[in-house]
Each structure stands twice: as C-alpha cells, then as structure tokens.
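Contents: one structure, followed by commentary.
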Amino acid sequence: MSVVALAGSPSALSRSTALLRHVLSCLDDGVARSEIVLRDLPPAALVRAEFDDPAIRRAREQVAAARVVVIATPIYKASFSGLLKSFLDLLPQDALRGKSVLALGTGGSAAHLLALDYALKPVLAALGARHILDSVYAVDAQFAPRALADAPVALRARAGDAPRPVALVA
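Residue numbers for the sequence shown follow this note's numbering, so the first one is 292 and each next one is one higher.
And the structure:
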C-alpha cells in the first residue's frame, strides 16, 4: 500500500500539517508514504495551471501512484484552503478514482466542522473518489498536551494502542 499526504496549509507553522504528520506517523512501518507540502510548490505554476511545471508534474504523479490519499487543510471562513483548491484543480478528472481518501481539517472552533463534508467532499467526489473515509476535524483546544492524551481512536496507531505523544504547534 502507498500513501500520499497533501499538506494544504499556506502557513509554515500549521496545525493541519502537524495533524497530518501525526496520522502518517501512526501508519505501519511497511507502508510507503510521501508528503506533498503544497505551499512549497511554485505559486505561479499553481495559479497559472502550468501542468508541465516539473514540481507540479511530480506532485500529480505521486497522487496518481498512491492507493491512499490523506488531505489536511485548515478551515477558513467555512471552507478549505485556496492553496489546496488550486492544487486539486490541476489533477485529472478521475485522479482519485479507486483510491481511499481521508480528509483532515483544523479550525478555531467547532462552528466549521461541516466544512469538510459540505465543501471538500464534493470536490473529492468530482475527482472520482468513491471511498472517502470519515473526516477528522480538530479544534485549537484539542492541540493542548492533555487533549492529545485523550485523542480519538482515529489518531492512534491501532484501536488498542495508547495514544502517542506528538509535538503540535501551539
């Protein structure tokens, strides 16, 4: 199995990217994984939809080769990041066909909890995703050290394991 992770935050210090990396760290050692930090892609190539840009081409190839796609994004004004949308717009129409997709979101409060379901999931479905796993949404308060000790099973390596400590940006 191969996993590609898309870090969709425009911020260098990102809770959503920290959450993404925590999820990746919970995968079994034998799982091939790669991470695409979208903020590191050439901005002009993203905005101008330059499909032939080498970095864009490599990122698209990584998505094509993966069996599982994990997408992490901050939620701003009830939607996922524009950076993520710009990248998703560069993927072929069936880029997620046959893949399992997990969406991770972070936000200041539970008020935007449904943004993943109502904003991101329709885009993923338009890209051919039919097996979209239950989304994980975390609010700022859940990034405190005590909250991590009580993390939901979805953030643990296996259901019976104790939660792993993780350093998340405050």
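Beta carbons are placed, not taken as given, at the ideal position from N, Cα and C, and that holds for glycine.
- Runs of the beta strand (DSSP E) lying entirely within the region 330 to 380 and spanning at least 3 residues, in chain order: 359 to 367.
- Taking C-beta atoms under 8 Å as the contact rule, Arg358 and Ser293 qualify, at a distance of about 5 Å.
- The beta carbon of Ala406 sits closer than 7 Å to those of Ile366, Ala369, Ser370, Phe371 and Gly396, all from its chain and outside the five residues before and after it, given in chain order.
- DSSP places Leu395 in the uninterrupted beta strand (DSSP E) bounded by Ser391 to Gly398.
- Beta-bridge partners assigned by DSSP to Val430: Gly398.
- When rounded, the separation of the alpha-carbon atoms in Ala340 and Ala432 is 37 Å.
- Taking the Cα of Ser400 as reference, the smallest distance to any Cα among Ala429, Gly299 and Ser302 is reached at Ala429.
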